[in-house]
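Novice:
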Amino acid sequence: MTLPFPPSGSDVLSWADILAVAAIIIAWLAVGHVVEKPPARHPSVSALMKTYRREWMVTFLNRQPRIFDATIVDSLRQGTAFFASATMLAIGGILAILGNPTAIEGIAQDLKALPHDPLVWKLRLLPVLFFVVDAFLNFVWSHRLFGYCAIVMAAVPNDVADPLAEARARQAGEINIHAAKNFNRGLRSVYFGMGALGWLVSPLALAIGTALVLWMTLRREFWSQSRRILMSDTPK
């Protein structure tokens, strides 16, 4: 059974396509919610790192000089800038393909099982474009938040006894946490964008790609070795 789209009557999207796309969107939203608001009895790596980021800013107060902390923030900004640049290039590439899908049509002709209709290719690239654009926006905002964090850290008085010192340090910690949250959101969108590439092959490949990305994300957040180390007081 197929769903006519557009109204002209050409069979472009089947119900399998619609269900597969709905599944990847639901999985993306659900895993984001679970990772950012995990069960209290089983926190995610992202939730655990919040505590370490707050402790970092408290330790930062008594560290002299504070060049080490500035270097870490700078490295975090460089990471977000790299991913923002990479996703911007990906957006440009996808838009170029949407404007001229000739190259992919050649691949489709070689692989007889793939669809040849240019409209099909364009539709199947839209979820990838959506995830890449979302990743880009999150990376850009994360980069800016890390910049805010650096400014607030610079505003922390050198005198630890200053009443503003601890308050400023804690503000920097919270901004750092929000920057990391947006960075993690960007990474998840990149993961799901890669999973969405499966739709270029078939709805089944999209479903498999969604399942693999979902499993990988949950495993890294809830059942990874890094999480066990963070949960242990004496890591081995």
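82 is the number that this note's numbering gives to position 69 of the sequence shown; each next residue is one higher, with no gaps. Cβ atoms here follow ideal geometry from the backbone N, Cα and C, with glycine treated the same way.
Look at the Cβ atom of W154, then the Cβ atom of N197, and state whether they are nearer than 7 Å.
Specialist: no
Novice: Can you tell me the Cβ-Cβ gap for S202 and F144, rounded? I've got them flagged as a contact below 8 Å.
Specialist: Confirmed, Cβ separation roughly 5 Å.
Novice: Is it buried or exposed for A33, if we count other Cβ within 10 angstroms and need 16 for buried?
Specialist: buried
Novice: Looking only at its chain, what residues have a beta carbon closer than 7 Å to the beta carbon of L89, apart from the 5 residues adjacent to it on each side?
Specialist: F159
Novice: So, at 8 Å on beta carbons, what are the nonlocal neighbours of F205 in its own chain, with the 5 sequence-adjacent residues on each side left out?
Specialist: I37, A40, W41, F144, T223, V226
Novice: Can you look up V214 in the DSSP assignment and give me helix, strand or coil?
Specialist: coil
Novice: Out of M166, S239, R232, G106, which has the shortest C-alpha to C-alpha gap to F250?
Specialist: The question about residue 250 has no answer here: the residues shown for the chain are numbered 14 through 249.
Novice: Curious, which full-length alpha helix (DSSP H) runs of at least 4 residues does the region 125-185 contain?
Specialist: 131-167
Novice: Going by CA-CA distance only, name the one from C162, E49, G106 that's closest to V86.
Specialist: C162
Novice: Residues in the same chain with beta-carbon distance under 6 Å from D147, minus the five sequence neighbours each way, listed in chain order, please.
Specialist: S202
Novice: So, with DSSP's three-state summary, where would you put S88?
Specialist: It is helical.
Novice: Just the C-alpha distance for L102 and W134, rounded to the nearest angstrom, thanks.
Specialist: 20 Å
Novice: Checking 7 Å against the spacing of the C-beta atoms, do F149 and T93 come in under that value?
Specialist: no
Novice: On the CB-based measure, 16 or more other CB atoms within 10 Å of its CB, does F95 come out buried or exposed?
Specialist: exposed
Novice: Leaving out five residues on either side along the sequence, give the residues of the same chain with a beta carbon under 6 Å from the beta carbon of G208.
Specialist: G222, T223, V226
Novice: Using DSSP with H/G/I as helix, E/B as strand and the rest coil, what is S59?
Specialist: helix
Novice: Return yes when the Cβ of R183 is within less than 7 Å of the Cβ of V169, no when it is not.
Specialist: no
Novice: Buried or exposed for M62, please, with buried defined as at least 16 other CB atoms from any protein chain shown within 10 angstroms of its CB.
Specialist: buried
Novice: Evaluate W212 with the Cβ neighbour count: other Cβ atoms within 10 Å of its Cβ, from every protein chain shown; 16 or more gives buried, anything less gives exposed.
Specialist: buried
Novice: In chain order, what residues of the same chain have a beta carbon less than 7 Å from the beta carbon of W190, not counting five sequence neighbours either side?
Specialist: Checking the sequence shown, residue 190 turns out to be Ile, not Trp. Closer than 7 Å at Cβ, skipping near neighbours: K63, R66.
Novice: If we ignore side chains and look at the alpha-carbon of each, how far apart do M244 and Q91 end up?
Specialist: 28 Å
Novice: Measure the C-alpha to C-alpha separation of L177 and E49 and round it to an integer number of angstroms.
Specialist: 30 Å
Novice: Short of 8 Å in beta carbon distance, which residues of its chain neighbour H55, apart from the five on each side in sequence? Order them along the chain.
Specialist: F235
Novice: Drop a sphere of 10 angstroms on the beta-carbon of H156, count the other beta-carbons inside from all chains shown, and report buried for 16 or more, exposed for fewer.
Specialist: buried
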